[in-house]
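Sequential numbering of the sequence shown, starting at 244, is according to the working numbering.
Even glycine gets a Cβ: it sits at the ideal position worked out from N, Cα and C.
I have placed the structure first, in the form of structure tokens, so that the comments after it can refer back to it.
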Amino acid sequence: MKDIDTETLLEAAGETAEYAKQYAKLQLDYFRLETAEAVAKATSSLVATLAVAILGLVALIMLTVAAGFYLGQLWDNYPLAFTCVSGFYVLLAGLVLIFKDRWVTNPLLTNLIRSLFN
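Below is the structure:
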């Protein structure tokens, strides 16, 4: 009878080990899928944001040129008009540099972390 019990026990242990291997493989596959989903979400969000930023930049360049020509015609001095428009952007760049954590870094990190974990 001890042989039967030992044999049954070894068989059960072998099945348990096989189930453990299958479970570990399924957990690894699940982790890979979760990671792929998070990376895909973050990448798609980044690409969409980049596309909007590029289109916004093109629009901003067109508006800047239009403002320079408008002010140049209004003041009858194109170099002064484009210098004033450039000065506005230098001032804006200074403000962004001063408040970069609040305006740029924190919102970007928040959105990236949110897209990775949702």
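Collapsing the DSSP output to three states places D248 in a helix. F325 sits close to G315, with the two beta carbons spaced by under 8 angstroms. The shortest C-alpha to C-alpha distance from R357 to any of A267, L252, A285 is the one to A285. Residue range 321–341 is occupied by the alpha helix (DSSP H) that includes F331. When the beta-carbon positions are compared, V328 and A310 come within less than 8 angstroms of each other.
F312 and Y332 have their C-alpha atoms some 16 angstroms from each other.
The same chain holds no residue with a CB closer than 7 angstroms to that of Q265 once the five nearest residues on each side in sequence are set aside.
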